[in-house]
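A.B. asks:
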Amino acid sequence: MSGSYDAEVQDLMTRYFEGLYHSNSDILRTVFHPDLAYVNGTEGTYEHMGLDAYMTRIDARTPPASRGDARDEVIERITFKGTRIGMVEARMTMMGRNYQDLLTIIHTDQDWRVLTKVFSFVERKD
Numbered sequence: 000m001s002g003s004y005d006a007e008v009q010d011l012m013t014r015y016f017e018g019l020y021h022s023n024s025d026i027l028r029t030v031f032h033p034d035l036a037y038v039n040g041t042e043g044t045y046e047h048m049g050l051d052a053y054m055t056r057i058d059a060r061t062p063p064a065s066r067g068d069a070r071d072e073v074i075e076r077i078t079f080k081g082t083r084i085g086m087v088e089a090r091m092t093m094m095g096r097n098y099q100d101l102l103t104i105i106h107t108d109q110d111w112r113v114l115t116k117v118f119s120f121v122e123r124k125d
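Take the sequence shown: its letters are residues 0 to 125, numbered as in numbering that gives the first Met the number 0.
(1) How would you call LYS116, buried or exposed, if buried means at least 16 neighbouring beta carbons within 10 angstroms?
(2) Between ASP34 and GLY49, what straight-line distance do the alpha-carbon atoms span, to the nearest angstrom?
(3) Starting from ARG83, trace the beta strand (DSSP E) in both directions and tell me its first and last residue.
(4) Reducing DSSP to helix, strand and coil, say where GLU42 ends up.
(5) Any chance the stretch 47 to 66 sits against the stretch 4 to 15, with 3 or more Cβ pairs inside 8 Å?
(6) May I ask which residues mark the beginning and end of the alpha helix (DSSP H) holding THR55?
(7) For VAL121, which option in GLY95, ASP110 and ASP25 has the closest C-alpha, if you only look at C-alpha atoms?
(8) Can you tell me the Cα-Cα spacing of LEU19 and PHE79, whole angstroms?
(9) According to DSSP, is MET0 part of a helix, a strand, or is it coil?
(10) Pull up the distance between the alpha-carbon of THR29 and that of GLU88, whole angstroms please.
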């Protein structure tokens, strides 16, 4: 399943990366589903939270953009299962870490949203 969905999910991911880089919860609220499950699966730092707790964390964060952090982000794969669900595999570097994201997406009555964000990171050596 692809076509127009690819373009819509590419736009979703553009907002995802922008929102994270600028620590902008207003942008990120257009990306995440209200029932978001945020899961950090990094060894030794497991945590789970919902949308509001995650947006509070984003609002308290010093934006990587304000520090001039280099941006490196890639969508590795987008997979659709029918017309309403899919998965995005992505990676990005920010805040001195390399992140690996598995994002499940769902098509609401309006647009695509991230329903679950499961990720892990490793500290950068440089």
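By construction, the Cβ of each residue, glycine as well, lies at the ideal position given by its N, Cα and C atoms. Bear in mind the structure is a predicted one, so any value in this text is a computation, not a measurement.
C.D. replies: Result, derived from the coordinates:
(1) By 1-based counting over the sequence shown, the position of residue 116 is 117. Buried: at least 16 other Cβ atoms inside 10 Å.
(2) Along the sequence shown, read from residue 1 onward, the residue named residue 34 stands at position 35. Along the sequence shown, read from residue 1 onward, the residue named residue 49 stands at position 50. Going by the C-alpha atoms only, they are around 7 Å apart.
(3) For the purposes of this step, residue 83 is taken as the residue at position 84 of the sequence shown. In this chain, ARG83 is not harboured by any beta strand (DSSP E), its DSSP state being neither H nor E.
(4) Position 43 of the sequence shown, counting from 1, holds the residue named residue 42. Residue state, collapsed to three classes: coil.
(5) Three or more Cβ pairs closer than 8 Å define a contact, and the stretch 47 to 66 falls short of that threshold against the stretch 4 to 15.
(6) Numbered from its first residue, the sequence shown carries residue 55 at position 56. Counting along the chain, the alpha helix (DSSP H) containing THR55 begins and ends at 50 to 59.
(7) For the purposes of this step, residue 121 is identified with residue 122 of the sequence shown, where counting begins at 1. Taking only the C-alpha atoms, the option nearest VAL121 is GLY95.
(8) Counting from one through the sequence shown, the residue named residue 19 turns up at place 20. Counting from one through the sequence shown, the residue named residue 79 turns up at place 80. Computed Cα separation, rounded: 24 Å.
(9) The count along the sequence shown starts at 1 and reaches residue 0 at position 1. Bear in mind that the predicted position of MET0 carries a pLDDT of just 42, short of 50, making it too unreliable to give a figure here.
(10) Position 30 of the sequence shown holds residue 29. Position 89 of the sequence shown holds residue 88. The alpha-carbon of THR29 is positioned some 19 Å away from that of GLU88.
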